[in-house]
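What follows is a short report on a single structure.
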Amino acid sequence: MNNSNNKSEQLPIAEFKNGFTLEQSKQFRNNRELSSWLGGGDASVWVNLKATEAFPSTAYVPNRKAVKELPKEINPEIGKLVTETNNLGEISLDDFMVHPDSRAQAFMVIHKGKIVYENYPAMQPTDSHIWMSTAKVLPSLIIDLLIAEGKMDESKTVGEYLPVFKDTAWENISVLDVLDMTTGLNIEELQNGTWYAPGSIAQRMLSAEFGLPYEGKVEDFTEVLKDAKKVREAGEQYDYSSVATQVLVLLAESVTGERWAQTVDKRIWSKMGVEAPLLVHTTPDGIAMGHGMLSSRLTDFARFGMLYTPSWNKVTDEKIVSDNILKRIQTGTRNLDFFMKGSGPLRVSQLNDDTMIGSSRQWDSVWTDGDLFKSGFQQQGLYVSPKRDLVIVHFSVNGPDDSIKHFLRPLATSGLFD
Numbered sequence: 328m329n330n331s332n333n334k335s336e337q338l339p340i341a342e343f344k345n346g347f348t349l350e351q352s353k354q355f356r357n358n359r360e361l362s363s364w365l366g367g368g369d370a371s372v373w374v375n376l377k378a379t380e381a382f383p384s385t386a387y388v389p390n391r392k393a394v395k396e397l398p399k400e401i402n403p404e405i406g407k408l409v410t411e412t413n414n415l416g417e418i419s420l421d422d423f424m425v426h427p428d429s430r431a432q433a434f435m436v437i438h439k440g441k442i443v444y445e446n447y448p449a450m451q452p453t454d455s456h457i458w459m460s461t462a463k464v465l466p467s468l469i470i471d472l473l474i475a476e477g478k479m480d481e482s483k484t485v486g487e488y489l490p491v492f493k494d495t496a497w498e499n500i501s502v503l504d505v506l507d508m509t510t511g512l513n514i515e516e517l518q519n520g521t522w523y524a525p526g527s528i529a530q531r532m533l534s535a536e537f538g539l540p541y542e543g544k545v546e547d548f549t550e551v552l553k554d555a556k557k558v559r560e561a562g563e564q565y566d567y568s569s570v571a572t573q574v575l576v577l578l579a580e581s582v583t584g585e586r587w588a589q590t591v592d593k594r595i596w597s598k599m600g601v602e603a604p605l606l607v608h609t610t611p612d613g614i615a616m617g618h619g620m621l622s623s624r625l626t627d628f629a630r631f632g633m634l635y636t637p638s639w640n641k642v643t644d645e646k647i648v649s650d651n652i653l654k655r656i657q658t659g660t661r662n663l664d665f666f667m668k669g670s671g672p673l674r675v676s677q678l679n680d681d682t683m684i685g686s687s688r689q690w691d692s693v694w695t696d697g698d699l700f701k702s703g704f705q706q707q708g709l710y711v712s713p714k715r716d717l718v719i720v721h722f723s724v725n726g727p728d729d730s731i732k733h734f735l736r737p738l739a740t741s742g743l744f745d
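Using the numbering used here, count along the sequence shown one by one with no gaps and you end on 745.
Here it is in structure tokens:
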């Protein structure tokens, strides 16, 4: 068998559509290293589709209501849309999805509550897949719901809600600066390679979450977060950070007095007509990895996106994302210079688009037309256009060409959905 952790020898991703051999499952599970699991090779495919076997524990958030079926009205023109990619030149969406170098697994477009495009070249529609960082908007939504309920105030500080962070660099940072990833701490993970840098807060947090040792021992998750240091004033720069998202999870648990997964169950998932449970993967001590380690079916991921559109009533009987919450996201950007001075250039590159006006409340990009985008590691994506009543979602594993996101903004502005 090929060495499945060597990307030059990785198997075609479509070979995993029907699962993994016993030998593969044992190999991937036993090779518990961040470089293997997150490297984009075959082990990453296994982790994305078999997360309940990979992580220390999982909280199941049940599907409690009857499924609200999404009718299909497939539009072949969507798959014909052509865009420029990094390594494959100009190519249509249909051709990109089946190209062996795309490492794409699934793609879906929902317009006005109907599925108008779906493609599953490398996973089953009934498979649950990790959301990666697209999940970050869920902790953000929970905080906004708690604010709407009068249980939180975004101007208050982390230390006011989490006494465990008093006398740390987190103490006087506002909830809003945590939401906007403008904490001023040394937790940024994209610009300087800190995601994998030994000793970085981001890398130590991941190791602690996965139950992997750092310098010979498995660290306590919260103690790692407490080690963050101030590098600039809060609010001065947009520094993308999964660590910030995890603080949102801890804030919600402190305010509600319950596990984060239970809060998601009560306020969101139990109210939706989803097909399957939301899988909330947790640290060894039971803390939800809300920054990215959630899994669901692609259709249920899309249903979550629909909560931000006029078709919310096609997935739930109760409006969850209020007009006020949506407006706070759409109008919460700082300014373009602020965005570009920090982690913004990465979003321009990912989307092959420079027309966004900034980021807001864990959403990576916001446009003047009110559209929203959230990216996830290894090329997961959530694009929502409330104005067009449009949701685009995709699952993937980062490969030689990571251009799947190049299709998002062109699709939304193609005129097909106006």
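Beta carbons: idealized from backbone N, C-alpha and C, even for Gly.
Nothing here was measured: the structure is a model prediction, and the numbers come from that model.
Note to self: I need the DSSP call for Lys544, collapsed to helix, strand or coil.
What the structure shows: strand
message: Counting C-beta neighbours from all protein chains within 10 Å, is the total for Ser362 16 or more, i.e. buried, or is it exposed?
response: exposed
Q. Where DSSP assigns a beta bridge to Tyr710, which residues make up the other side?
A. Phe700, Ile719
If we count the other Cβ atoms within 10 Å of its Cβ and call it buried at 16 or more, is Pro466 buried or exposed? buried
With distances taken Cα to Cα, identify the nearest neighbour of Arg391 among Arg559, Val601, Lys544, Asp494. Val601
Based on the DSSP secondary-structure assignment, which residues constitute the bridge partners of Phe434?
-> Asn446, His721
Handout entry: Assigned secondary structure, Ser384 (DSSP; H/G/I helix, E/B strand, else coil)
Key = strand
- On the three-pair Cβ rule with 8 Å, is the segment 419 to 430 touching the segment 446 to 460? yes
Subject >> Opposing strand residues paired with Met599 [DSSP bridges] >> reply: Thr643
task: Select from Pro611, Leu365, Ile647, Asp507 the residue whose C-alpha is nearest the C-alpha of Ala386.
output: Pro611
- Task: Determine the direct distance from the alpha carbon of Asp691 to that of Met459, and round the result to whole angstroms.
- Result: 13 Å
inquiry  = Across the segment 565 to 580 and the segment 663 to 672, are there enough close Cβ pairs to call them in contact, namely three or more that are closer than 8 Å?
reply    = yes
| task | Measure from the alpha carbon of Val711 to the alpha carbon of each residue in Ile401, Ile405, Arg630, Glu536, then state which is nearest. | result | Arg630
Worksheet item: In the structure shown, what three-state DSSP assignment does Val421 receive?
Response: Here the sequence assigns Asp to residue 421, which means Val is not the residue at that position. The answer is helix: DSSP assigns Asp421 an H, G or I state.
Assuming Asp691 is part of the beta strand (DSSP E), what are its boundary residues? 690 to 693
Is the beta carbon of Ile470 less than 7 Å from the beta carbon of Ala561?
no
Margin query: Could you compute how far the alpha carbon of Thr461 sits from the alpha carbon of Leu408?
Written below: 24 Å
* DSSP state of Ala378 mapped onto helix, strand, coil -> helix
Starting from Glu481, trace the alpha helix (DSSP H) in both directions and tell me its first and last residue.
Careful: Glu481 lies outside any alpha helix (DSSP H) and carries neither H nor E.
Notebook entry, point to check: Touching or not, the segment 633 to 649 and the segment 588 to 608, by the rule of three or more beta carbon pairs under 8 Å?
Noted result: yes
Item checked: Where Pro552 sits in the DSSP three-state scheme -> The question names Pro, but residue 552 is Leu in the sequence shown. Of the three classes helix, strand and coil, the one that applies to Leu552 here is helix, per DSSP.
Checklist line | Per DSSP, the bridge partner or partners of Val409 | finding: Ser419
- Does DSSP put Leu577 in a helix, in a strand, or in coil? helix
Please classify Thr572: does DSSP put it in a helix, a strand, or coil? helix
- Look at Leu472 and Arg594 and say whether their C-beta atoms are less than 7 Å apart. yes
Nearest-angstrom Cα separation, counted from Thr412 out to Ile731: 8 Å
Excluding five sequence neighbours on each side, which residues of the same chain lie with their C-beta closer than 7 Å to the C-beta of Gln657? Val693, Gly697
When DSSP labels each residue in this structure, what does Ala341 get in the three-state scheme? helix
Short check: CB of Gly632 to CB of Val718, under 7 Å?
yes
task: Let me know the secondary structure DSSP gives Ala529 once reduced to three states.
output: helix
Query raised in the report: How many angstroms separate the CA atom of Met450 from the CA atom of Glu487?
Result: 45 Å
Query raised in the report: Just to confirm, are Asp592 and Val372 a CB contact at a threshold of 7 Å?
Result: no
Please list the terminal residues of the continuous alpha helix (DSSP H) segment that includes Leu605. Per DSSP, Leu605 belongs to no alpha helix (DSSP H); it is in the beta strand (DSSP E), 605 to 609.
May I ask you to report which of helix, strand or coil DSSP gives Ile731? helix
TODO: For Thr549, I'd like the list of residues in its chain whose CB is within less than 7 Å of its CB, leaving aside the five on either flank, ordered along the chain.
DONE: Val491
### Message
So if DSSP puts Lys441 in a beta bridge, which residue, or which two residues, is it bridged to?
### Response
His438
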